[in-house]
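K.L.:
Provided herewith is a single structure, encoded as structure tokens, for subsequent inquiry.
Numbering (my numbering), first residue to last: -12 to 380.
Right, here's the structure in full:
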């Protein structure tokens, strides 16, 4: 009898522990001192992606240090469920980094939109502006959309890819690299985790930058793409990258979380180049990362949290906030790592390349160069690319 009672007690204790863990993952009711905290739901790549999610968490850590506001980070396979549980628990500001907006904005299966159910909670979404009606009016005043002008940064990365690809023999020691030469090497690759506006905004900007420079130099490029590589499988990234590199691509740009780590590892193995994303990852495989297209989520997380702290949320609620090159939330890296691989005889050519990039950046800022912004719903016309073909886009 005592043995049976012990077993029942152990079972009850284990059940309580399991339920506690489940609730913790979903965002159970916080203790009294945590009621004013900020919550953040990561994307599928998780908090340790060394980029998109990790940058946002750094922003929250800075918010905690500067403002004394506690925060909670949630990994979830059920984003709508987690959003609702966190709002129900009392969080008044919730950042969601996942590309999952339907239940929050419009409701699903005939259900009420989460934003409508919790009007006292402000929800922040990234990489798209789903909070507008067809006539341009705002659907929910308690939703903020964060947009990055990564189309412009990606355009710079595309122009840089062509400039380096056309001049690699002058720039680098041939013993360090194994670029495919001639027309066979005039191929560039793009990997996207999923085909959404938050991903295509990179790919289309990159393609337009490639076209700009290819047209200026009088050459033609092939743009290989795959928008369904996911975000978590680095081994699959290496395998897919090997296919593109073997087909002649000398540079692959990945917007795919941890998949990009596999691409970069493969770039080093085959002695070609990769372009990383979100954070500055140029040192991941020094000399084999051409640049990183920055999407620094730390900047908007901190900015919006500061409004929350100061009681000025009405200044940003219901709006789409765009972060451009000047905000330092986007751009490309300073290229110092790849520059360290440029041979002495190639320094003058490298200076020309950097001057060309500066000129392009100025033309984007002035409006002389217009880059398609898929995040803003602008249509992409690949037929306008005079010097780039996109066979599998």
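Even for Gly, the Cβ is constructed at its ideal location relative to N, Cα and C.
Hey, residue 109 and residue 147: beta-carbon distance below 8 Å or not?
P.N.:
The answer is no: Cβ separation not under 8 Å.
K.L.:
Is residue 111 helix, strand or coil by DSSP?
P.N.:
Three-state DSSP puts residue 111 in a strand.
K.L.:
Which partner residues does residue 92 have in the DSSP bridge list?
P.N.:
Answer is none; residue 92 lacks a bridge partner.
K.L.:
Just how far apart, CA to CA, sit residue 382 and residue 376?
P.N.:
The chain is shown from -12 up to 380; residue 382 falls before or after that span and cannot be answered.
K.L.:
Measure the alpha-carbon distance for residue 117 versus residue 30 and round it to whole angstroms.
P.N.:
Between residue 117 and residue 30, the C-alpha separation is close to 17 Å.
K.L.:
Nearest CA to the CA of residue 278: which residue from 286, 318, 269 and 284?
P.N.:
Taking only the C-alpha atoms, the option nearest residue 278 is 269.
K.L.:
Candidates 338, 312 and 287: which alpha carbon is nearest residue 322's?
P.N.:
Of the listed residues, the one whose Cα sits closest to residue 322 is 338.
K.L.:
With a threshold of 7 Å on Cβ separation, who are the neighbours of residue 167 within its own chain once the five nearest residues in sequence on each side are excluded?
P.N.:
For residue 167, where only same-chain residues beyond five positions count, the Cβ hits under 7 Å are 235 and 237.
K.L.:
Within 10 angstroms of the Cβ of residue 163, are there 16 or more other Cβ atoms? Answer buried if so, exposed if not.
P.N.:
Flag for residue 163 reads exposed.
K.L.:
Which term fits residue 373, buried or exposed, when burial requires 16 or more other beta carbons within 10 angstroms of its beta carbon?
P.N.:
Exposed, by the Cβ-count rule.
K.L.:
Determine the burial state of residue 332: buried for a count of at least 16 other Cβ atoms within 10 Å of its Cβ, exposed for fewer.
P.N.:
Under this definition residue 332 is an exposed residue.
K.L.:
Which partner residues of residue 241 appear in the DSSP bridge assignment?
P.N.:
In the DSSP output, where bridge partners are listed per residue, residue 241 has 178.
K.L.:
Within the same chain, show all residues whose beta-carbon is closer than 7 Å to that of residue 358, passing over the 5 residues directly before and after it, in chain order.
P.N.:
If we look at residue 358 and ignore the five residues flanking it on each side, its Cβ neighbours are 138, 139, 142, 192, 195 and 351.
K.L.:
Which word fits residue 315, buried or exposed, when buried means at least 16 other C-beta atoms lie within 10 angstroms of its C-beta?
P.N.:
Residue 315 comes out exposed.
K.L.:
Rounded C-beta distance between residue 292 and residue 130? I'm assuming under 8 Å.
P.N.:
Incorrect: roughly 16 Å between the Cβ atoms, too far for contact.
K.L.:
I'd like the span of the alpha helix (DSSP H) that includes residue 328, first residue to last.
P.N.:
Careful: residue 328 lies outside any alpha helix (DSSP H) and carries neither H nor E.
K.L.:
Taking the Cβ atom as the reference point for each residue, do residue 179 and residue 190 lie within a distance shorter than 8 Å?
P.N.:
Cβ atoms of residue 179 and residue 190: closer than 8 Å.
K.L.:
Tell me residue 210's beta-bridge partners as DSSP assigns them.
P.N.:
Partner(s): 175.
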